[in-house]
Amino acid sequence: MPYLPIQDHGLIGNLHTAALVGLDGTIDWLCLPHFDAPSVFAALLDDEHGGRFQIRPVHNHTAARQLYWPDTNVLVTRFMSEAGVAEVIDYMPAGLAPDAPGFGQLIRRVEVVRGRMPMEMTCTPAFDYARAPHTTELTRHGAVFRSDALVLGLAASVPLDRTRHGVRARFTLRQGECARFALQPLRAAEGPRLDADQERTLFDHTVRFWQSWLARCTYDGRWREHVHRSALTLKLLTFEPTGAIVAAPTCSLPEHIGGARNWDYRYTWIRDAAFTVYALLRIGLTDEATAFIDFLQARCRDRHDDGSLQIVYGIHGDRDLAETTLDHLAGYRGSTPVRIGNGAFDQLQLDIYGELMDAVYLYNKYCQPIGYDFWTQLHELVDWVCDHWEEPDAGIWEVRGPRRHFVYSKLMCWVAVDRGLRLARKRSFPADRERWLRVRDAIYRRVMTEGWSAERRAFKMAFDLDALDAATLIMPLVFFTSPTDPRMLHTLEALRAPLEEGGLLSDHLVHRYNPAAVDDGLGGQEGTFNMCTFWLVEALTRAGRTHPAFLHEARLMFEKMLGYANHLGLFAEETGPCGEALGNFPQAFTHLSLISAAYNLDRALDGKPFGKVG
Numbered sequence: 009m010p011y012l013p014i015q016d017h018g019l020i021g022n023l024h025t026a027a028l029v030g031l032d033g034t035i036d037w038l039c040l041p042h043f044d045a046p047s048v049f050a051a052l053l054d055d056e057h058g059g060r061f062q063i064r065p066v067h068n069h070t071a072a073r074q075l076y077w078p079d080t081n082v083l084v085t086r087f088m089s090e091a092g093v094a095e096v097i098d099y100m101p102a103g104l105a106p107d108a109p110g111f112g113q114l115i116r117r118v119e120v121v122r123g124r125m126p127m128e129m130t131c132t133p134a135f136d137y138a139r140a141p142h143t144t145e146l147t148r149h150g151a152v153f154r155s156d157a158l159v160l161g162l163a164a165s166v167p168l169d170r171t172r173h174g175v176r177a178r179f180t181l182r183q184g185e186c187a188r189f190a191l192q193p194l195r196a197a198e199g200p201r202l203d204a205d206q207e208r209t210l211f212d213h214t215v216r217f218w219q220s221w222l223a224r225c226t227y228d229g230r231w232r233e234h235v236h237r238s239a240l241t242l243k244l245l246t247f248e249p250t251g252a253i254v255a256a257p258t259c260s261l262p263e264h265i266g267g268a269r270n271w272d273y274r275y276t277w278i279r280d281a282a283f284t285v286y287a288l289l290r291i292g293l294t295d296e297a298t299a300f301i302d303f304l305q306a307r308c309r310d311r312h313d314d315g316s317l318q319i320v321y322g323i324h325g326d327r328d329l330a331e332t333t334l335d336h337l338a339g340y341r342g343s344t345p346v347r348i349g350n351g352a353f354d355q356l357q358l359d360i361y362g363e364l365m366d367a368v369y370l371y372n373k374y375c376q377p378i379g380y381d382f383w384t385q386l387h388e389l390v391d392w393v394c395d396h397w398e399e400p401d402a403g404i405w406e407v408r409g410p411r412r413h414f415v416y417s418k419l420m421c422w423v424a425v426d427r428g429l430r431l432a433r434k435r436s437f438p439a440d441r442e443r444w445l446r447v448r449d450a451i452y453r454r455v456m457t458e459g460w461s462a463e464r465r466a467f468k469m470a471f472d473l474d475a476l477d478a479a480t481l482i483m484p485l486v487f488f489t490s491p492t493d494p495r496m497l498h499t500l501e502a503l504r505a506p507l508e509e510g511g512l513l514s515d516h517l518v519h520r521y522n523p524a525a526v527d528d529g530l531g532g533q534e535g536t537f538n539m540c541t542f543w544l545v546e547a548l549t550r551a552g553r554t555h556p557a558f559l560h561e562a563r564l565m566f567e568k569m570l571g572y573a574n575h576l577g578l579f580a581e582e583t584g585p586c587g588e589a590l591g592n593f594p595q596a597f598t599h600l601s602l603i604s605a606a607y608n609l610d611r612a613l614d615g616k617p618f619g620k621v622g
């Protein structure tokens, strides 16, 4: 069937890029050589023209399953039939130096573990989002695909035949036999080769790399497998050369099938900073937190002329993420337009300064102290917030409608100034304390007066908009309010009403807001936001210290949310009305919030204290 469900995929990668592997044995999304490079396989966005790399049984099989090699990102796709059982083992060697043999390869090993299985391999690249032509040349050891910008070599242990757009191989394996394929960008004139011993060495190295990396994770509480899979997924979304973490490895997967809410998430949002650093530090992954802080510090050194930061950057720190549409692509199940780049890069979103300052504060507290030069840059950012916090902006949800005074944006401006004050006090850094105190208190009062809806008895989305916003769930998590402040408890009550009754809940899943009540400039529908569900779990968990019923509800909600993970424990950005994955996949923010929710819920169930902001 064309267009597998989004959730019917696993992810592999090498800390430079990543590929989606479907339950049908198809790699239908891969960008080379980096996450944000043009795609070479994009059947996920155009089944006919996008290009794919497929390995499958020739005859019908009764079932297909996927699993990860224990504690790794090595993926196994298993095909079962009465005649036999075949496994396709997919991985990209990780932890290699750029000049090491095997660097940049995508390796697919086919093994028959029972009986006899006729198999078929098809490789039809479509360079530059299916815009660039290429030639195909058969070689002694495989094939070479040449486009103007990129040359790929496919090494194969079985003979290949040329097809119209690529190559194909048909081969039969018996129990104990295997076939190997390796795809990689070619940097030399010679064609690709694949040595069985070298492939086994690369496999063993990759397994050891992932298992030794995960062994550094200190989490040993409930839901350990889900936390470990989330950690491994976040590592896959890390761009090793700069420490950047992409929001997702894909672009233009729809938030509603057939709709226009299709965005490119192969970039790094400043907003993710606090959640990234918090989640990684909580489970002992300090090296990744340090690398991401280094990426943030580099962005602080490269601010705009007016002293502001951009909300999102390329994985190399690129600023220009101009958004364009690929009108020649049909879109996932007809969901158009297909977008690359992200037009939100030049929006004003004031909340990013709070998330950045919170990240640095947590890093300074739990990992290692920051230096004076970095503090100087942060001081300037806090001053910038003091100058601009009263402006309307586009908000956390990057609305493309009119700017507003979003409550979440004001809240995070408060966090920016508050964490600046706390850092200055803890480290005795020089700071304009009197002004910062005045501004912090002014923001607080403004949120409590203009951000509170007396009619709805809840914090609202914007000063001039009574709609509910799941982003206000962050308030107790960043210590703006007590988790049992009556206003917060009333907000929890309002949010937990069903969507059709004015709330944001749908069977324990949370919508970020009601699109019918908010002019976000987009139109159309969307699913529930997985990240917001985990935020509600955390808010209920914290309130559950003194209200035990909330803690029981938080656990049930968390367990039900885990049931919406795919067969490998992966989450997209959203969940649709039938439990299907929607939006880009897998989503870093969802897995970050899962780790945070699991960590705090587990501690609450054991009666342990939460972390303190002081």
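If you count the sequence shown from 1, you need to add 8 to reach the numbering used here.
Yeah, the Cβ is synthetic: ideal placement off N, Cα and C, and Gly gets one too.
With respect to the C-alpha of Leu75, the residue from Gln62, His264, Val96 having the closest C-alpha is Val96. DSSP places His17 within a strand segment (E or B) once states are collapsed to three. Each residue's CA atom was taken as its position, placing Pro65 and Cys131 some 15 angstroms apart. In this structure, Phe467 and Arg495 form a Cβ contact; the two beta carbons are roughly 7 angstroms apart against a cut-off of 8 angstroms. Between Leu476 and the set Pro491, Phe488, Thr489, Glu501, the nearest pair of CA atoms involves Glu501. At the C-beta level, Arg170 and Leu146 come within 7 angstroms of one another.
Secondary structure note for Ser155: it is in no alpha helix (DSSP H), with a DSSP letter that is neither H nor E.
Taken through DSSP and simplified to helix, strand or coil, Leu419 comes out as helix. The alpha-carbon separation between Ala102 and Leu191 amounts to approximately 15 angstroms. Annotation: the continuous beta strand (DSSP E) that includes Ile97 extends over 92-99. Contact between Arg520 and Cys540 holds: CB atoms are separated by about 5 angstroms, below the 8 angstroms threshold.
Residue pairing by DSSP places Pro506 opposite Leu513 in a beta bridge. Asp401 counts as buried, since no fewer than 16 other beta carbons sit within 10 angstroms of its beta carbon.
Within the same chain, Cβ atoms closer than 7 angstroms to the Cβ of Ala525 are found at Ala475, the five residues on either side in sequence being excluded. In the DSSP assignment, Gly30 falls outside any alpha helix (DSSP H) and within the unbroken beta strand (DSSP E) covering 26-30.
Closest by C-alpha distance to Leu304, out of Glu463, Pro10, Asp366, Gly459, is Asp366.
At the C-beta level, Glu546 and Leu485 come within 7 angstroms of one another. Using a C-beta cut-off of 8 angstroms, the region 379-386 makes no contact with the region 81-97, since fewer than three inter-stretch Cβ pairs fall below that distance.
Put simply, of His24, Arg116, Pro46 the residue whose alpha carbon is nearest the alpha carbon of Leu104 is His24. In the DSSP assignment, Glu561 forms no beta bridge with any residue.
Across the structure, Gly351 and Thr333 are spaced so that their CA atoms are roughly 11 angstroms apart. When the Cα atoms are used, Asp16 and His575 turn out to be separated by approximately 8 angstroms. The region 104-113 makes no contact with the region 76-83: fewer than 3 CB pairs, one atom from each, lie closer than 8 angstroms. By the CB criterion at 7 angstroms, Arg237 and Ile360 fall outside the cutoff. Here Arg269 is near Gly532, since their CB atoms are less than 7 angstroms apart. Contiguous alpha helix (DSSP H) elements confined to the region 40-117 do not occur, taking only those with 4 or more residues. Taking C-alpha positions only, Lys373 is separated from Glu508 by approximately 43 angstroms. The region 324-343 makes contact with the region 260-277; the number of CB pairs closer than 8 angstroms reaches 3 or more. The C-alpha of Val407 lies about 18 angstroms from the C-alpha of Val518. Taking a cut-off of 8 angstroms for Cβ pairs, the region 219-227 and the region 176-188 do not touch, as fewer than three such pairs fall below it. If you draw a straight line from the Cα of Ala338 to the Cα of Ala479, it is about 33 angstroms long. Here Thr171 is not bridged, per DSSP, to any residue.
Under the DSSP assignment, Thr258 falls outside any beta strand (DSSP E); it carries neither an H nor an E label. Excluding five sequence positions before and after Thr554, the CB atoms of its chain that fall closer than 6 angstroms to its own CB belong to Thr492, given in chain order. Cys586 counts as exposed, since fewer than 16 other C-beta atoms from the protein chains shown sit within 10 angstroms of its C-beta. Counting along the chain, Cys308 sits inside the alpha helix (DSSP H) bounded by residues 294-309.
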